[in-house]
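Working notes for the structure below.
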Amino acid sequence: DQEGKFRDRLPVQYKIEIALQPDQWTTVATHKDRLPYDKNAVAAVVEYDFSQVAAAKRSLLEESVVQLQSLRQQMTHLSKSQVVYAGTFTTPPAIFRLYRGDPQAPREQMKPDAIEILGSLGLASDAPEKQRRERLGKWIVAPENPLTARVIVNRIWQHCFGIGIVDTPSDFGAAGTSPTHPALLDYLACELRENQWSLKHIHRLILESATFRQVSTPRTKALKKDGDSRYLWRFPPRRLEAEAIRDSILAVSGVLDLRRGGPGFSGFEVEMENVRHYFPIEQYGPEHWRRMIYQTKVRQEQDGVFGVFDCPDASQVVAKRSRSTTPLQALNLLNSKFVIQQSQIMSERLIVEDPESVSGQIRAAYVYFYARKPTLDEVKDSKRFIEQYGLAAFCRVLFNSNEFLFVQ
Numbered sequence: 197d198q199e200g201k202f203r204d205r206l207p208v209q210y211k212i213e214i215a216l217q218p219d220q221w222t223t224v225a226t227h228k229d230r231l232p233y234d235k236n237a238v239a240a241v242v243e244y245d246f247s248q249v250a251a252a253k254r255s256l257l258e259e260s261v262v263q264l265q266s267l268r269q270q271m272t273h274l275s276k277s278q279v280v281y282a283g284t285f286t287t288p289p290a291i292f293r294l295y296r297g298d299p300q301a302p303r304e305q306m307k308p309d310a311i312e313i314l315g316s317l318g319l320a321s322d323a324p325e326k327q328r329r330e331r332l333g334k335w336i337v338a339p340e341n342p343l344t345a346r347v348i349v350n351r352i353w354q355h356c357f358g359i360g361i362v363d364t365p366s367d368f369g370a371a372g373t374s375p376t377h378p379a380l381l382d383y384l385a386c387e388l389r390e391n392q393w394s395l396k397h398i399h400r401l402i403l404e405s406a407t408f409r410q411v412s413t414p415r416t417k418a419l420k421k422d423g424d425s426r427y428l429w430r431f432p433p434r435r436l437e438a439e440a441i442r443d444s445i446l447a448v449s450g451v452l453d454l455r456r457g458g459p460g461f462s463g464f465e466v467e468m469e470n471v472r473h474y475f476p477i478e479q480y481g482p483e484h485w486r487r488m489i490y491q492t493k494v495r496q497e498q499d500g501v502f503g504v505f506d507c508p509d510a511s512q513v514v515a516k517r518s519r520s521t522t523p524l525q526a527l528n529l530l531n532s533k534f535v536i537q538q539s540q541i542m543s544e545r546l547i548v549e550d551p552e553s554v555s556g557q558i559r560a561a562y563v564y565f566y567a568r569k570p571t572l573d574e575v576k577d578s579k580r581f582i583e584q585y586g587l588a589a590f591c592r593v594l595f596n597s598n599e600f601l602f603v604q
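Add 196 to the 1-based position in the sequence shown for my numbering, that's all there is to it.
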């Protein structure tokens, strides 16, 4: 269309021909050569057209195409095979004291040992690596070194209550905060050491305590003196972490995959150019319904739905997560395809539970979501909502409720 007569039209079927001699036109391209928009249909497209090639060369080219396709299939198969990581162990090189930290100015050779001000491991300079590692491990958990046990039980306490007895879990030194209950911290540390460093024992001890089983109901006088509940006059209410929110949604819907171990799953689609580009997935299936701890981490990338819930990416080491409240968190939980899908699955589960009665479906939902029965007013309001918006929308509202998202 060199004259521009058909600029308002889009050619759908076309043929391009060239001629080296008059009246000797050769087709070099047609609309059939274009790749379809659907990526799944690419394999059905004829990649090469040898109709204009001499018969003698055509068979050779067709054989080459068959070999090429076979090699591509082999590459695809090999790329999906199990990956093996192997290490080559060598004797560590000698370490020297560097004069003023200058690597170009080594001084006397240093032997492997603990930090001098904290004591010595009592090892010979030529001690084998296995012996050095064993001695270091025993030194870390030695009875005269209470710091290890204190740090561990403080981390466990932090996961149970949202904040540790020491508010700086990665700094018990002069720059850290003082423990609110030092005697309690030492008691738990002793319990850990005296029970063969059993983390389950400490968990059971905390969860069975009267402190953990307190209600979260506030009291005016106590709030004025200790608004953050640091002195544990009530159970401090807190929002669940990103992983716990996602796993709870899957558990309530009845699709959480509890398999332990094995390969993880990816929450991203990868596109290769010069570098890898990661895009959060839009479609979720059973392969994505494992616990979030099995989701592969990508540095400087966040999960498309739950990354906004203060979930650090893999490039950071975070001993204590921040706790923010942003509009994006509410939007993700309300409108994300993941939550909409799980709301539909949950509604189907409730229909199977009680196919005849809406009130029965509401009561079952409250038991699944909140582990309690609904009040008469809640049943009445829920029934009115379901009649107007449907059961799936009702489940989506419950997924977004504070009672579901908060520990209290």
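Every residue gets a Cβ at the ideal spot worked out from N, C-alpha and C, and that includes glycine.
Since the model is a prediction, treat every value here as computed from it, not as a measurement.
DSSP-derived helix/strand/coil call for V535:
Within the sequence shown, the letter at position 339 stands for residue 535. It is helical.
Could you tell me which of A371, D322 and I214 sits nearest to T287, measuring between CA atoms?
Walking along the sequence shown from the start, residue 287 turns up at place 91. That would be D322, whose Cα lies nearest to the Cα of T287.
Would you list the residues sitting across from I212 in a DSSP beta bridge?
Numbered from 1 along the sequence shown, position 16 holds the residue referred to as residue 212. I212 is bridged to A225.
Can you tell me where the beta strand (DSSP E) holding Q305 begins and where it ends?
If you number the sequence shown from 1, residue 305 lands on position 109. P302 to M306 is the span of the beta strand (DSSP E), which, as asked, contains Q305.
Sorted by chain position, which residues of the same chain lie with C-beta nearer than 7 Å to S366's C-beta, five sequence neighbours on each side aside?
Locating residue 366 in the sequence shown gives position 170, counting from the first residue. Counting only Cβ-Cβ distances below 7 Å, and skipping sequence neighbours, we find A515.
Does any heavy atom of the ligand MG sit closer than 6 Å to the C-beta of P414?
With respect to small molecules bound, the structure shown includes none, and the ligand MG cannot be examined in it.
Distance, G460 Cα to R495 Cα
Sequence index remark: in the sequence shown, residue 495 carries index 299 (1-based). Sequence index remark: in the sequence shown, residue 460 carries index 264 (1-based). Whole-angstrom Cα-Cα distance: 16 Å.
Which first and last residues belong to the alpha helix (DSSP H) in which I348 is found?
If you number the sequence shown from 1, residue 348 lands on position 152. First-last of the alpha helix (DSSP H) with I348: L343 to F357.
Length of the line joining the Cα atoms of H473 and R487
Taking the first residue of the sequence shown as 1, we reach residue 473 at position 277. Taking the first residue of the sequence shown as 1, we reach residue 487 at position 291. Computed Cα separation, rounded: 24 Å.
Between E552, P476 and A385, which lies nearest to E353 when the distance is taken from Cα to Cα?
Working through the sequence shown from its first residue, we reach residue 353 at position 157. One detail in the question is off: residue 353 reads as Trp in this sequence, not Glu. Checking every option, the nearest Cα to that of W353 belongs to A385.
Alpha carbons only, please: which of E439, V261, Q209 and W429 is nearest the one belonging to Q498?
As a working mapping, residue 498 is identified with position 302 in the sequence shown. Taking only the C-alpha atoms, the option nearest Q498 is E439.
Whose C-beta lies closer than 7 Å to the C-beta of A345 among residues of the same chain, with five residues either side of it excluded?
If you number the sequence shown from 1, residue 345 lands on position 149. Around A345: A385, L388 and R389.
Give the secondary structure of H448 by DSSP, where H, G and I count as helix, E and B as strand, and everything else as coil.
Looking up residue 448 in the sequence shown gives position 252. It is Val, not His, that sits at residue 448 in the sequence shown. In this structure, V448 counts as helix in the three-state DSSP scheme.
S405 beta carbon less than 7 Å from that of R430
Reading the sequence shown from its first residue, position 234 is the one you call residue 430. Reading the sequence shown from its first residue, position 209 is the one you call residue 405. Contact flag unset, no.
Report yes if the C-beta distance between Q491 and G463 is below 7 Å; otherwise report no.
Within the sequence shown, the letter at position 295 stands for residue 491. Within the sequence shown, the letter at position 267 stands for residue 463. Against a cut-off of 7 Å, the Cβ pair of G463 and Q491 comes out as a contact.
What is the C-beta distance between S539 and A588, in whole angstroms, given that I count them as a contact (C-beta under 8 Å)?
The sequence position of residue 539 within the sequence shown is 343, counting from 1. The sequence position of residue 588 within the sequence shown is 392, counting from 1. 5 Å between Cβ atoms; contact.
From the DSSP output, in three-state form, read off V506 for me.
What you label residue 506 is simply residue 310 of the sequence shown in a count that begins at 1. Reading off the sequence shown, one finds Asp at residue 506, where the question assumed Val. Of the three classes helix, strand and coil, the one that applies to D506 here is coil, per DSSP.
Quick check: what's the CA-CA separation for S224 versus V249?
Against the sequence shown, residue 224 aligns to sequence position 28. Against the sequence shown, residue 249 aligns to sequence position 53. Going by the sequence as given, residue 224 is Val instead of Ser. In a straight line, the C-alpha of V224 is about 12 Å away from that of V249.
Coil, strand or helix - Q265 by DSSP:
The residue given as residue 265 occupies position 69 in the sequence shown. In the structure shown, Q265 falls within a helical segment according to DSSP collapsed to helix, strand and coil.
Nearest-angstrom Cβ-Cβ length linking I558 and S578, presumed shorter than 8 Å:
Taking the first residue of the sequence shown as position 1, residue 558 is located at position 362. Taking the first residue of the sequence shown as position 1, residue 578 is located at position 382. That pair is a contact at about 5 Å.
Classify S425 as buried or exposed, calling it buried when 16 or more other Cβ atoms lie within 10 Å of its own Cβ.
Taking the sequence shown and counting its residues from 1, one reaches residue 425 at position 229. Per the 10 Å Cβ criterion, buried.
Taking the alpha helix (DSSP H) that I167 belongs to, which residues open and close that run?
Since the first residue shown for the chain is 197 and the last is 604, residue 167 is missing from the structure and cannot be characterised.
Three-state secondary structure (DSSP) at P299?
In the sequence shown, the residue the question calls residue 299 occupies position 103. P299 falls in the coil class under three-state DSSP.
Compute the distance between the beta-carbons of V362 and P342, then report whether it is under 7 Å.
The residue given as residue 362 occupies position 166 in the sequence shown. The residue given as residue 342 occupies position 146 in the sequence shown. Cβ atoms of V362 and P342: not closer than 7 Å.
Residues in its own chain within less than 6 Å of S449 by CB, not counting five upstream and five downstream?
The residue you call residue 449 lines up with position 253 of the sequence shown. Answer for S449: Q538, I541 and M542, listed in chain order.
On the premise that F600 lies in contact with Y566, defined as a C-beta separation below 8 Å, what is that separation, rounded to the nearest angstrom?
By 1-based counting over the sequence shown, the position of residue 566 is 370. By 1-based counting over the sequence shown, the position of residue 600 is 404. Right, the Cβ-Cβ distance comes to about 7 Å (below 8 Å), so this counts as a contact.
Per DSSP, the bridge partner or partners of D453
Working through the sequence shown from its first residue, we reach residue 453 at position 257. For D453, which the question treats as bridged, DSSP gives the partners R486.
I'd like the list of long-range same chain contacts for L530, defined as Cβ closer than 8 Å, with 5 residues on each side in sequence excluded.
The residue given as residue 530 occupies position 334 in the sequence shown. Cβ neighbours of L530 beyond the five flanking positions: R592 and N596.
If you drop the 5 nearest sequence neighbours on each side, which residues of the same chain put their C-beta closer than 6 Å to that of I212?
Taking the sequence shown and counting its residues from 1, one reaches residue 212 at position 16. V224 and A225, listed in sequence order.
Selection from G500, L319 and P432 that minimises the alpha carbon distance to V535
Numbered from its first residue, the sequence shown carries residue 535 at position 339. Per the Cα distances, G500.
Quick one: what does DSSP say P523 is sitting in, helix, strand or coil?
Here the question's residue 523 lines up with position 327 in the sequence shown. If DSSP states are grouped into helix, strand and coil, P523 belongs with the helices.
Here's the rule I'm using: 16 or more other beta-carbon atoms within 10 Å means buried, otherwise exposed. How should N528 be labelled?
Here residue 528 corresponds to residue number 332 of the sequence shown, with the count starting at 1. Classification for N528: buried.
In or out: E437 buried (at least 16 other Cβ within 10 Å) or exposed?
In the sequence shown, residue 437 corresponds to position 241, counting from 1. By the 10 Å Cβ count, E437 comes out buried.
What do you get for R435, buried or exposed, if any count of 16 or more other CB atoms within 10 angstroms of its CB means buried?
By one-based count along the sequence shown, residue 435 stands at place 239. R435 comes out buried.
Out of E469, M468, P432 and W485, which one is the CA nearest neighbour of A447?
Translated into the one-based positions of the sequence shown, residue 447 becomes position 251. Closest option to A447, judged by alpha-carbon separation, among E469, M468, P432 and W485: W485.
Assuming H397 is part of the alpha helix (DSSP H), what are its boundary residues?
On the sequence shown, position 201 is the one that residue 397 refers to. Counting along the chain, the alpha helix (DSSP H) containing H397 begins and ends at L395 to L403.
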